[in-house]
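Chains as they are written, first to last, in our numbering: chain A, 3 to 403; chain B, 20 to 477.
Positions of the beta carbon are idealized from the N, C-alpha and C atoms, including for glycine.
The model shown is predicted, which means the values in this text are computed figures rather than measured ones.
Shown next, in structure tokens, is the structure this report addresses.
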């Protein structure tokens, strides 16, 4: 992929080098070269989990210096030029805009107490006293914690409302560790975040493309993200009826990605729909309980749901058009895309970029574009409630203020 | 009302069961579609390879195309082809590639590997550490030198794909390697993929075999054309000389009004030499023709090699005196063999003639000794010698180690010698180095082990 020249104080570089440090260094160098001599003030890094994350950051910071850095490991990276889900894909974004502010944050112990982790993150943001914050990008661990709970706690602590967008860190679809990047450190079981403030306007839209199927069912026993029973039966027993899995040892991410739960929203959104999508990412083989990083409480009404490739693309384009319609005639400085890993190769195969990403990019024309394939997506569906999603795509465009 | 609700509930449940069945069926369909896509991709890659390989000009290029094709199908990162080295069982590193996403290249050792045993007959896909005690390990060691940048979390999977074209035309080994971690969606070949890999091997082998046959055919045409040119020149030279001599005699006798031309002894000797030369060339051509149609059948008789060699040397006295070479003999009193006298005479004539032609006026050593029931005949000169590369081909038809411009001959002498000796149960070998002369060693069975034969030469 040949990086575009970025004229708006933004640079995006990428690398496929197998050597993690060299990859970080190369991607950062490419990104900086597009700033036309302006010093970078902020950096986002997304990289395949085949990399040694610490070495990758060491390489990136060798080029970037001590600029605030955030990001996470990914199941694929998305650029204007293409999409790459190889374990060694790496990308670095740098921003040099002097009228914007950038502050990075971290909070650890996400799996142990997701609420406390979210709360601590919110307090650190509040304590930092940044007054002009407009957009909080968050990157929690994709496998260990209850993201919904953490987001709720985080929002309660924030000193003022800000738009929140992001995605949970991915990996090689093998349930290995995921990594969250904060300045020079690669953390796991954490949440990292960056608060962007100053002269810009964030626009966020989220969409999914799953069709509910079958009868409505009720979560009859759930706790701390673990769903134990659906309609009184072990959750896995309900799930497996759709999957033809003989041996539980055969279970892989591709099974979890095939079928999901659609949770009835208390207040349907005219654009988003009536359901929010939930995907299990862990199975307790002993009890048959399933772990959903999007919290599901006892009494929640759900239906099973299937991804639909055709509506995936159509609704993603509508999501992009919705953002554009809010800024007629304007072109965003950059678009960030947080797209579920289950909507990439697992749904569209090798033609993922041309089939599902490029049509969305064409809505905006040639603008700087950066994204990654997540284990879950984070965005508000109505500019009020920040929610955790699965099987969804979040677009976050930064317009001139 | 309650009955109606119960009936609806049951219908709902039944519908839900149908939904589950449909979902399962859809998933099976989806998996089958993925499998079909993968198969289609494989056959497209094979087809593309075959088309491209048909245009390749070297076996190495065919191997490069195979590497690129397999990179498209399996997520290997490095590939290195081992190609034939300087002898049987010896291999050297040939073309090597990194997958596009690795974007680097390195150098590999020019050292050769001697394989302890034969190339495996089927593909091997395993972790490299499983090959720790394998004779194939040296191949992996050479691959290490491609200086592949280490990833922090390295795994190490290898695929060894032997390529063994028919008649061992160009045996090769393709080695692929994957070092960085695999994602769930990346798949390296497993046992179930081996039939496909075998198919790949067949395509590569056929492409190499076709290329070798094509090149052989091209070479045969080139040799034929070259031979026709040389043969025309060689036959023309003595004929021109004879014609000039006859024209000179005719002019002289016409000028002097003589009814019977006056011919001098040197002129007569020259005439005889040129006619002998012409006869020898024609005889060589006939001999090759007989060999080709299988009609060169020895007529065995008991004869003395020592006497035969002395007689041949005697015939070459004029040539020896023109070139300045001399013969040093190391002969026993007698060396009896059963052989076709005429054919063996031709072998010795060809060897001694070559020694004189290429001996640069230096000594020619001819020796005979007995060893384990065989007669070892050595003919050694101290002339221009033959390079190691040319030694392998000088016993083939129309092959010459030297330019036809500087040294005459049809390039058939050694070919005929080897064919005759093979018919006699013997063999011929060469030791030589450029600028240091050549030693031809002929081994013939002694009288007791010689093959009986009563057929007449036709």
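**OP:** Determine the extent of the beta strand (DSSP E) in which residue 189 (chain A) is found, giving its start and end residues.
**Re:** Its beta strand (DSSP E) spans residues 187 to 189.
**OP:** Can you tell me which of the three DSSP states residue 144 (chain B) falls into?
**Re:** When secondary structure is reduced to three states using DSSP, residue 144 (chain B) falls in the strand class.
Original post:
Going straight from the alpha carbon of residue 342 (chain B) to that of residue 404 (chain B), what length do you get?
Top reply: Straight through space, the alpha carbons of residue 404 (chain B) and residue 342 (chain B) are spaced by roughly 17 Å.
**OP:** Could you check which residue in B:225, B:300, B:402 has the C-alpha nearest to that of residue 373 (chain B)?
**Re:** Nearest in C-alpha terms to residue 373 (chain B), of all of B:225, B:300, B:402, is B:402.
Original post:
Count the other CB atoms within 10 Å of the CB of residue 21 (chain B); is the residue buried (16 or more) or exposed (fewer)?
Top reply: Flag for residue 21 (chain B) reads exposed.
Original post:
Which word fits residue 194 (chain B), buried or exposed, when buried means at least 16 other C-beta atoms lie within 10 angstroms of its C-beta?
Top reply: Residue 194 (chain B) is classed as buried because its beta carbon has at least 16 other beta carbons within 10 Å across all chains shown.
**OP:** Anything in chain A within Cβ reach of residue 200 (chain B), meaning under 7 Å, just list it in chain order.
**Re:** By Cβ distance, chain A contributes 52, 89, 174.
Subject >> Proximity of residue 186 (chain A) and residue 20 (chain A) at Cβ, strictly below 7 Å >> reply: Result no, Cβ atoms of residue 186 (chain A) and residue 20 (chain A) do not sit closer than 7 Å.
Subject >> residue 455 (chain B), enclosing beta strand (DSSP E) - first and last residue >> reply: Looking at the DSSP string, residue 455 (chain B) is not in any beta strand (DSSP E), and its letter there is neither H nor E.
Original post:
If you run the structure through DSSP and keep just helix, strand and coil, what is residue 392 (chain A)?
Top reply: Residue 392 (chain A) sits in coil when the DSSP states are folded into three classes, being neither helix nor strand.
Subject >> As assigned by DSSP and simplified to three states, the class of residue 181 (chain A) >> reply: For residue 181 (chain A), the three-state secondary structure derived from DSSP is coil.
Subject >> residue 361 (chain B) versus B:315, B:140, B:344, residue with shortest Cα-Cα distance >> reply: Residue 361 (chain B) has its Cα closest to that of B:315, out of B:315, B:140, B:344.
Original post:
Is residue 203 (chain B) close to chain A, meaning its C-beta is less than 7 Å from at least one C-beta of that chain?
Top reply: Yes, contact with chain A.
**OP:** Tell me whether the beta-carbon of residue 131 (chain B) lies closer than 7 Å to the beta-carbon of residue 109 (chain B).
**Re:** Contact: yes.
Subject >> Beta carbon of residue 336 (chain A) nearer than 7 Å to that of residue 370 (chain A) >> reply: Yes, they are a contact pair.
**OP:** Could you spell out the range, first to last residue, of the beta strand (DSSP E) harbouring residue 107 (chain A)?
**Re:** It spans 102 to 110 - the beta strand (DSSP E) in which residue 107 (chain A) sits, taken as one unbroken run.
Original post:
Taking the C-alpha atoms as reference points, what is the distance between residue 466 (chain B) and residue 397 (chain B)?
Top reply: One C-alpha to the other measures close to 19 Å.
Subject >> Contacts of residue 66 (chain B) in chain C (Cβ-Cβ under 9 Å) >> reply: Checking the listed chains, one finds no chain C in this structure; the protein chains it contains are A and B.
**OP:** Pull up the distance between the alpha-carbon of residue 171 (chain B) and that of residue 52 (chain A), whole angstroms please.
**Re:** Model confidence at residue 171 (chain B) stands at a pLDDT of 45, short of 50, so the residue's coordinates are unreliable; what they give is reported in the following sentence. Residue 171 (chain B) and residue 52 (chain A): Cα-Cα distance of roughly 8 Å.
**OP:** Give a yes or no on whether 7 Å exceeds the smallest Cβ distance from residue 31 (chain B) to chain A.
**Re:** True, the Cβ-Cβ gap to chain A drops below 7 Å.
Subject >> residue 223 (chain B) versus residue 216 (chain B): straight-line alpha-carbon distance, rounded >> reply: Spanning the two alpha carbons is a distance of roughly 10 Å.
Subject >> For residue 375 (chain A): DSSP bridge partner residues >> reply: DSSP lists A:341 as partners of residue 375 (chain A).
Original post:
For residue 49 (chain A), does the count of other Cβ atoms within 10 angstroms reach 16, so buried, or fall short, so exposed?
Top reply: Flag for residue 49 (chain A) reads buried.
Original post:
Is the Cβ of residue 171 (chain B) closer than 7 Å to any Cβ of chain A?
Top reply: Its pLDDT being 45, under 50, residue 171 (chain B) is placed unreliably in this model, and the coordinates cannot settle the point.
Original post:
Listed in chain order, which residues of the region 34 to 48 of chain B have Cβ atoms closer than 7 Å to some Cβ of chain A?
Top reply: Residues of the region 34 to 48 of chain B that bring their beta carbon within less than 7 Å of a beta carbon in chain A comprise 35, 38, 39, 42, 43, 46, in sequence order.
**OP:** Report yes or no: do three or more beta-carbon pairs, one from the region 104 to 120 of chain A and one from the region 85 to 94 of chain A, lie closer than 8 Å?
**Re:** Because the criterion of three Cβ pairs below 8 Å is not met, the region 104 to 120 of chain A and the region 85 to 94 of chain A do not touch.
**OP:** May I have the straight-line CA-CA distance separating residue 12 (chain B) from residue 395 (chain B), to the nearest angstrom?
**Re:** Residue 12 (chain B) lies beyond the range of chain B shown here (20 to 477); nothing can be said about it.
Original post:
Under 7 Å between the Cβ atoms of residue 43 (chain A) and residue 130 (chain A)?
Top reply: Not a contact, by the Cβ cut-off of 7 Å.
Subject >> Assigned secondary structure, residue 158 (chain A) (DSSP; H/G/I helix, E/B strand, else coil) >> reply: Residue state, collapsed to three classes: helix.
Subject >> Proximal chain B residues relative to residue 308 (chain A), where beta-carbon distance stays under 8 Å >> reply: Within chain B, the residues near residue 308 (chain A) are 42, 45.
Original post:
Which value, in whole angstroms, describes the spacing of the CA atoms of residue 57 (chain A) and residue 350 (chain A)?
Top reply: Roughly 32 Å separates the two Cα atoms.
Original post:
Is it true that the CB of residue 92 (chain B) sits closer than 7 Å to the CB of residue 115 (chain B)?
Top reply: Against a cut-off of 7 Å, the Cβ pair of residue 92 (chain B) and residue 115 (chain B) comes out as no contact.
Original post:
Comparing the C-beta of residue 347 (chain A) with each C-beta of chain B, is any distance below 7 Å?
Top reply: Yes, contact with chain B.
Original post:
Which residue or residues does DSSP assign as beta-bridge partners of residue 374 (chain B)?
Top reply: Note: residue 374 (chain B) sits in no beta bridge, so no partner.
**OP:** Measure the CB-CB distance between residue 90 (chain B) and residue 118 (chain B) and report whether it falls below 7 Å.
**Re:** Against a cut-off of 7 Å, the Cβ pair of residue 118 (chain B) and residue 90 (chain B) comes out as a contact.
Original post:
Would you report the Cα separation of residue 15 (chain B) and residue 237 (chain B), rounded to the nearest angstrom?
Top reply: It is not possible to answer for residue 15 (chain B), since the shown part of chain B is limited to 20 through 477.
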